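Residue numbers (the numbering used here): 1 to 215. Cβ coordinates follow ideal geometry from the N, Cα and C atoms, glycine included. Everything numeric in this text was worked out from a predicted model, so none of it was measured.
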Ligand code: AMP
């Protein structure tokens, strides 16, 4: 297994890009946000612990998310390339990940930063809609469903994520600036940072550039 970390602000398009890249059979996508939302929905002990942090737009405790990612890596050793979307979120998690990868004999190929200006990030988050049934993501401006408000994949009514309200989004962007942004320097110092321009809306073009960049 080798790992590519996707870095970028909430709303930078990491999840959308990862879903598209993972259509290739040799690529898997691990979204820690999706993993946590699944645990909350299922009412597992980890989900019950995570719920309040997530609804307030705060990070869940490092140990909790590290355990979940560790289990995934140990259980999926046969996968070729895993895109990590949403982990690590701070320097402590980056150190935990380095240990986890070393322990499991996994290579960190690079950290791919999706670079997007703040005003685009805010616009994208306000247009974001998700399917509560199957988890598919849409955007009323850039990736609209075929029928307004309805999931293309399963036909359920789309919703706005609980942590996508304007107040919580402002808080999540502050958390990103304070805790996650330092990871750009962290991976640059280790010569692992690669950057792609994430501001355009042409998903196919971004996927192509992303694959070229992580080669
Ligand atoms: P996301 O879907 O990546 O925006 O994540 C949604 C929420 O899940 C975040 O606001 C955090 O509360 C939580 N979360 C996801 N990944 C992590 C992580 N690596 N560390 C801590 N909290 C996380």
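Given a cut-off of 8 Å on the beta-carbon distance, is the pair residue i and residue j in contact?
i, j, result
"residue 207", "residue 196", "no"
"residue 107", "residue 69", "no"
"residue 84", "residue 3", "yes"
"residue 216", "residue 73", "Residue 216 lies beyond the range of the chain shown here (1 to 215); nothing can be said about it."
"residue 1", "residue 80", "yes"
"residue 15", "residue 114", "no"
"residue 22", "residue 29", "yes"
"residue 9", "residue 175", "no"
"residue 143", "residue 150", "no"
"residue 36", "residue 94", "no"
Which same chain residues end up closer than 6 Å to residue i when comparing Cβ atoms and leaving out the 5 residues on each side of it in sequence?
i, result
"residue 120", "199"
"residue 185", "none"
"residue 216", "For the chain, the structure presents residues 1 to 215; residue 216 sits outside this window and is missing."
"residue 55", "162"
"residue 59", "89"
To the nearest angstrom, how far is the alpha carbon of residue i from that of residue j?
i, j, result
"residue 71", "residue 139", "32 Å"
"residue 46", "residue 34", "13 Å"
"residue 24", "residue 192", "23 Å"
"residue 156", "residue 141", "19 Å"
"residue 7", "residue 51", "23 Å"
"residue 146", "residue 104", "42 Å"
"residue 129", "residue 63", "30 Å"
"residue 172", "residue 61", "15 Å"
Is any non-hydrogen atom of ligand 1 found closer than 7 Å to the C-beta of residue i, if you look at the structure I gave you?
i, result
"residue 172", "yes"
"residue 147", "no"
"residue 57", "yes"
"residue 65", "yes"
"residue 7", "no"
"residue 193", "no"
"residue 132", "no"
"residue 33", "yes"
"residue 159", "no"
"residue 113", "no"
"residue 182", "no"
"residue 89", "yes"
"residue 86", "yes"
"residue 36", "yes"
Could you name the residues of the same chain whose beta carbon sits closer than 7 Å to that of residue i, not counting the 5 residues immediately before and after it, in chain order?
i, result
"residue 180", "89, 90"
"residue 154", "131, 133, 134"
"residue 213", "112, 194, 196"
"residue 109", "2, 3, 4, 214"
Would you say residue i touches ligand 2, meaning its beta carbon is less than 7 Å from a heavy atom?
i, result
"residue 10", "Ligand 2 is absent from the structure shown, which contains only ligand 1."
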